[in-house]
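I have placed the structure first, in the form of C-alpha cells, so that the comments after it can refer back to it.
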Amino acid sequence: KAGVTQTPRYLIKTRGQQVTLSCSPISGHRSVSWYQQTPGQGLQFLFEYFSETQRNKGNFPGRFSGRQFSNSRSEMNVSTLELGDSALYLCASSLLGGLNTGELFFGEGSRLTVL
Amino acid sequence: TQLLEQSPQFLSIQEGENLTVYCNSSSVFSSLQWYRQEPGEGPVLLVTVVTGGEVKKLKRLTFQFGDARKDSSLHITAAQPGDTGLYLCAGGLAGSSNTGKLIFGQGTTLQVKP
C-alpha cells in the first residue's frame, strides 16, 4: 500500500512569510502526528490529530498550527516564519495513534529553509 | 533538558565490530521504540518493546528494555556498512495527556566503514 506522502518536499521562504505543509497518511490510518527535526534539537513533537481532533500539542508557539480533514489528510501551517523554523518537518501516520497502539509510519518530510 | 538521553551521539567503526547504543531517562515509559533514519528519508521503525526486561532480536540487532522501563539499549553484532544511519529511540509516556506523543532521543549517527 502507498506510504505517507508529504508535500512539498523542499521549500524556501523568507522571514515573515507563512507556509502550509501537507500530509496524506496511509489509507485507513486515522492518526496523523507532526514532528520538527533539527540538528540541534532532534525530533520534537508538534501535534497529533485523530479523526479531525487535535489530541495533543507540543511546546511550540501559536505560530504553529494544524488541522486534519475528514479523509485523514492533514496540514500544518507556520505563520510569521523565523530563521529558527528552518527544519525538516515530518509527518507520521498510524492506525489508532499512540505508542502502544501501533507503529508510526513516517513520510520523507518537508525540508523548509527560511532565509 | 532532553527527556531521553541517547549515547553516543556519533559512532564510527569498522565493518565486523560490535556496538551498543544507549537510551536513558529518569522517566518511566509505557513502551519504547527504536527507529533508523537514512539521509533524505523519514525514520523507519525497527522494534517496539513494551515489557520491562524484554529482549527482542532482529537478525544482528538486539534490543533490550530496562526492568524499570526507564532505559533501553540497541546492540549490533558484526556491523556492516549497510547498518550506517541515524538510530533514534523514542518513548511514549502513560496518561491521557501524552496520547499520540512520542519523545525522541537526540539520535546516534553510526558510520560503518568497509
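First to last, the sequence lines map onto chains H and X. One point on numbering: in the working numbering, the residue at position 5 of the first sequence is 5, and numbering is uninterrupted. If you count the second sequence from 1, you need to add 1000 to reach the working numbering. Yeah, the Cβ is synthetic: ideal placement off N, Cα and C, and Gly gets one too.
For a test of the three-state rule: what should DSSP assign to D1071 (chain X), helix, strand or coil? Indexing the second sequence from 1 puts residue 1071 (chain X) at position 71. Here D1071 (chain X) sits in strand by DSSP.
List the residues of chain X that R55 (chain H) touches, going by C-beta distances under 7 Å, in chain order. The residue labelled residue 55 (chain H) in the question sits at position 55 within the first sequence. The answer, in chain order, is T1099 and G1100.
Using a beta-carbon distance cut-off of less than 7 Å, what residues from the stretch 35-53 of chain H approach chain X? If the cut-off is 7 Å between Cβ atoms, the stretch 35-53 of chain H has G42, L43, F45, E48 and F50 near chain X.
7 Å is my cut-off, CB to CB: does E108 (chain H) come that close to chain X? On the first sequence, position 108 is the one that residue 108 (chain H) refers to. It does: the Cβ of E108 (chain H) has a partner Cβ on chain X nearer than 7 Å.
With 9 Å as the limit, tell me which residues of the stretch 1032-1051 of chain X have their beta carbon closer than that to any beta carbon of chain H; keep them in chain order. If the cut-off is 9 Å between Cβ atoms, the stretch 1032-1051 of chain X has L1032, Q1033, Y1035, Q1037, G1040, E1041, G1042, P1043, V1044, L1045, T1048 and V1050 near chain H.
Checking 7 Å against the spacing of the C-beta atoms, do T1020 (chain X) and S1031 (chain X) come in under that value? Sequence index remark: in the second sequence, residue 1020 (chain X) carries index 20 (1-based). Sequence index remark: in the second sequence, residue 1031 (chain X) carries index 31 (1-based). Taking 7 Å as the Cβ cut-off, T1020 (chain X) and S1031 (chain X) do not qualify as a contacting pair.
Using only the alpha-carbon positions, how far apart do S1025 (chain X) and E1005 (chain X) sit? Your numbering for residue 1025 (chain X) matches position 25 in the second sequence. Your numbering for residue 1005 (chain X) matches position 5 in the second sequence. Taking C-alpha positions only, S1025 (chain X) is separated from E1005 (chain X) by approximately 6 Å.
Is the CB-CB distance between C23 (chain H) and S74 (chain H) below 7 Å? Taking the first residue of the first sequence as position 1, residue 23 (chain H) is located at position 23. Taking the first residue of the first sequence as position 1, residue 74 (chain H) is located at position 74. Yes, they are a contact pair.
Per DSSP, cross-strand counterpart(s) of F45 (chain H): Numbered from 1 along the first sequence, position 45 holds the residue referred to as residue 45 (chain H). According to DSSP, which records beta bridges pairwise, F45 (chain H) is partnered with H:Y35.
Specify, as a first and last residue, the run of the beta strand (DSSP E) that K1057 (chain X) falls within. Counted from its first residue, the second sequence places residue 1057 (chain X) at position 57. Its beta strand (DSSP E) spans residues V1055 to L1058.
Is the beta carbon of K1070 (chain X) less than 7 Å from the beta carbon of V1028 (chain X)? For the purposes of this step, residue 1070 (chain X) is taken as residue 70 along the second sequence, with counting starting at 1. For the purposes of this step, residue 1028 (chain X) is taken as residue 28 along the second sequence, with counting starting at 1. With a cutoff of 7 Å on beta-carbon distance, K1070 (chain X) and V1028 (chain X) are scored as near each other.
Determine whether the Cβ of S33 (chain H) lies closer than 7 Å to any Cβ atom of chain X. Working through the first sequence from its first residue, we reach residue 33 (chain H) at position 33. By this cut-off, S33 (chain H) is an interface position.
Compare the C-alpha of L1102 (chain X) against each of H:R9, H:G16 and H:V32 and name the closest. The residue labelled residue 1102 (chain X) in the question sits at position 102 within the second sequence. The shortest C-alpha separation from L1102 (chain X) is found at H:V32.
Which bits of chain X does E103 (chain H) rub up against, with CB to CB less than 9 Å? Residue mapping note: residue 103 (chain H) aligns to position 103 of the first sequence, counting from 1. Result: Q1033, L1045 and T1048.
Taking a Cβ distance cut-off of 7 Å, strictly less, list which residues of the stretch 3-25 of chain H are near chain X, in chain order. For chain X, none of the residues of the stretch 3-25 of chain H brings a beta carbon within less than 7 Å of one of its beta carbons.
Anticipated Cβ contact below 8 Å, S72 (chain H) with H29 (chain H), distance rounded: For this step, residue 72 (chain H) is matched to residue 72 along the first sequence. For this step, residue 29 (chain H) is matched to residue 29 along the first sequence. Taking 8 Å as the upper bound for CB-CB distance, S72 (chain H) and H29 (chain H) are in contact here, some 6 Å apart.
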